[in-house]
RNA sequence: CGGGGCGUAGCGCAGCUUGGUAGCGCACCUGCUUUGGGAGCAGGGUGUCGGAGGUUCAAAUCCUCUCGCCCCGACCA
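Numbering (this note's numbering), first residue to last: 20 to 584.
Okay, structure coming up:
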């Protein structure tokens with residue numbers, strides 16, 4: 020590609036509305052431009068990267084036996100009413116009306132449509148298993164889009180759906196996709212982990228996420244030092260905590276003026292935070308519930324909602340608190356009003372704990388379960404912390420951040436049942452499909468790749484997804500140099516090496532800086548200085564290593580470039 | 001949704017307090033010089049000052065409303 024005839028423009032300064040490095044670099048290197056909040060253009064170079072990623076995915080999914088289709092972005096509300104998600108999906112589902120005032124949605128995902136397709140065409144167990152996929156645009160009206168294409172509202176996703184006749188076969192289809200995902204992310208060159216996950220709005224039983232390890236990741240994940248256990252913090256369970264064998268002491272009331280936070284109470288009583296009971300009032304689908312946690316733990320709302328079977332967990336309103344006569348900052352389970360009390364399993368083992376006394380400026384010390392207070396149910400509802408025991412081997416858990424680039428689910432019959440989609444089994448009776456669904460965020464992969472591979476000069480692409488394999492630069496406007504670079508360009512084209520040839524009439528510094536910013540794996544530099552001594556130079560972006568090739572040995576260079584991975 | 005911030009040239013910003021001809025850097029266009037790590041000189045402004053309304057002789061600037069964008073929060077009461 021001749022840069023003078025192409026569409027590739029860089030920015031010298033960081034855009035002011037970008038926070039994370041990948042977002043800044045994607046804009047500066049001219050890969051994307053913003054249209055609106057969470058809505059982006061992919062400019063030509065960005066499009067090439069996206070296509071590279073898509074092709075890797077296509078190759079691996081096709082190899083795994085999946086079949087590509089395209090489904091509509093605009094979907095009739097009727098389908099969503101059939102699955103029940105018209106009511107349940109919430110505000111992320113963008114609802115629109117057509118000229119006849121009929122309801123439609125912009126598809127945030129495609130289970131409804133695909134299940135409808137399967138129901139129409141897959142009539143017999145003999146047609147199963149079947150896995151279909153598409154690479155297409157989704158729209159989710161995110162509460163807060165951010166980090167450029169990392170969390171966009173409109174984005175391109177590869178979504179695949181498997182249909183099986185029985186459980187065993189469904190698990191097999193799942194494993195096949197999982198293996199394909201591993202090959203995909205290995206080829207892209209990610210440092211990633213596969214973690215157990217909560218299946219969220221999509222539903223289903225088993226689900227795993229592919230997490231690219233990165234500080235800017237919006238997900239927290241826990242993984243074990245000594246075994247293979249890894250889980251999203253939303254789903255991570257901590258191992259059993261050792262029981263203490265302390266003697267129970269008599270409960271006492273203490274004055275704790277103004278100590279409204281665990282931190283203050285701990286300091287005031289000179290007790291460690293994990294010896295206090297943290298009391299949180301929430302409303303689970305409007306029902307007030309008192310939640311107890313160890314003072315140094317944090318509530319995992321997703322676990323709690325799941326355990327309570329609640330759709331929505333919200334902090335209790337001021338109104339509810341005053342109605343129940345609960346003083347914020349001094350609440351506790353001892354002498355609590357007659358409401359549901361749930362506690363983290365750790366509370367059961369806590370001895371002589373401190374907790375709010377339900378009276379302004381007073382706390383109890385030496386509270387003990389069940390002697391001093393009741394708990395209706397114990398659950399694992401806390402977020403695991405660094406250092407917690409691993410549930411699998413008892414080793415120590417670490418917490419790190421990750422970018423979720425892939426998510427795979429075993430859905431079972433969640434959608435096939437609600438939408439009544441099925442096939443005839445060997446016994447001639449109708450059965451619902453057992454489904455799996457499998458997503459990969461394409462744009463997010465590009466952003467994650469940049470987060471994992473960049474330096475102060477710009478992006479450093481892995482060869483597998485680089486927009487071009489090489490940048491070819493002619494430095495200066497010496498006729499000899501330009502003629503030779505033109506020749507070289509032709510040779511690269513003939514050799515099928517993807518080349519971005521910077522033939523602009525720009526100074527050396529600009530060309531070199533732009534080349535580093537875009538970050539193609541190799542930069543080939545032709546200049547007067549080298550030509551004079553009979554050499555041209557090839558620089559490896561990743562290492563900065565420079566290789567010299569004699570002008571007569573161009574074929575060697577071409578061979579080396581071809582083999583470079 | 002709650003809190004905070006910002007909208008002025010393609011990009012990054014100043015000007016607003018105290019109303020009086022719309023500016024700076026980069027980019028861009030023309031010419032000359034320069035040419036291996038973001039050149040120099042000379043000339044050129046490409047702008048509904050986010051939008052609407054109001055106050056005023058006069059509004060980028062003051063007031064009201066509105067739209068857009070960004071950040072933080074929406075577990076620790």
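Just so it is clear, CB atoms sit at the ideal spot from N, CA and C, and this is done for glycine as well.
Every value quoted in this text rests on a predicted model; they were computed, and no experiment measured them.
- With 16 or more neighbouring CB atoms inside 10 Å of its own CB, residue 558 falls in the buried class.
- DSSP places residue 65 in the helix class (H, G or I) of the three-state scheme.
- Within the model, the alpha-carbon separation for residue 159 versus residue 419 is close to 26 Å.
- As far as DSSP is concerned, residue 513 takes part in no beta bridge.
- Contact annotation: the stretch 265 to 280 touches the stretch 368 to 382, with at least three C-beta pairs closer than 8 Å.
- Comparing alpha-carbon positions, the option among 322, 400, 309, 402 lying closest to residue 392 turns out to be 309.
- Runs of the beta strand (DSSP E) spanning 3 or more residues and lying entirely within the stretch 161 to 207 occur at 173 to 183, in chain order.
- Under the three-state reduction of DSSP output, residue 536 falls in the helix class.
- With a contact defined as Cβ atoms closer than 8 Å, residue 577 and residue 514 qualify at about 5 Å.
- Per DSSP, the continuous beta strand (DSSP E) segment holding residue 241 begins and ends at 238 to 243.
- DSSP, reduced to helix, strand and coil, places residue 432 outside both helices and strands of the structure shown, so it counts as coil.
- If you compare the alpha carbons of 428, 81, 37, 317 with that of residue 190, the shortest gap goes to 428.
- Under the DSSP assignment, residue 115 falls in the beta strand (DSSP E) whose first and last residues are 113 to 116.
- DSSP, read as helix, strand or coil, puts residue 339 in helix.
- Per DSSP, residue 44 is one residue of the alpha helix (DSSP H) stretching across 40 to 47.
- With respect to residue 489, residue 540 sits close: the two C-beta atoms are nearer than 9 Å.
- Between residue 297 and residue 277, the CB-CB gap reaches or exceeds 9 Å.
- Using a Cβ distance threshold of 9 Å, residue 398 and residue 375 do not count as a contacting pair.
- The shortest C-alpha to C-alpha distance from residue 579 to any of 545, 511, 526, 531 is the one to 511.
- Counting C-beta pairs closer than 8 Å gives fewer than three between the stretch 97 to 115 and the stretch 57 to 74, which falls short of the contact rule.
- When C-beta atoms of the stretch 204 to 218 are compared with those of the stretch 493 to 502, fewer than three pairs fall below 8 Å, so the two segments do not count as touching.
- When secondary structure is reduced to three states using DSSP, residue 120 falls in the coil class, being assigned neither helix nor strand.
- Using a 10 angstroms sphere on the CB of residue 518, the tally of other CB atoms reaches 16 or more, which defines it as buried.
- Shown here, residue 348 sits in coil according to DSSP, grouped into three states, outside any helix or strand.
- The beta-bridge partner set that DSSP reports for residue 382 consists of 273, 375.
- Exclusion of the five residues before and after residue 302 leaves 333, 335 as the residues of its chain whose Cβ lies within less than 6 Å of its Cβ.
- Under a 10 Å Cβ-count criterion, residue 581 is classified as exposed, with fewer than 16 other Cβ atoms of the shown protein chains found around its own Cβ.
- With fewer than 16 other CB atoms across the displayed protein chains lying within 10 angstroms of its CB, residue 265 is exposed.
- Taking 8 Å as the upper bound for CB-CB distance, residue 156 and residue 58 are not in contact here, some 11 Å apart.
- Rounded to whole angstroms, the separation of the alpha carbons of residue 363 and residue 412 is 21 Å.
- Taken through DSSP and simplified to helix, strand or coil, residue 248 comes out as coil.
- When beta bridges are read from the DSSP output, residue 299 appears opposite 310.
- According to the DSSP secondary-structure assignment, residue 127 is paired through a beta bridge with no residue.
- CA-CA distance, residue 254 to residue 327, rounds to 15 Å.
- The stretch 98 to 107 makes contact with the stretch 435 to 451: 3 or more CB pairs, one atom from each, lie closer than 8 Å.
- Within the model, the alpha-carbon separation for residue 520 versus residue 508 is close to 7 Å.
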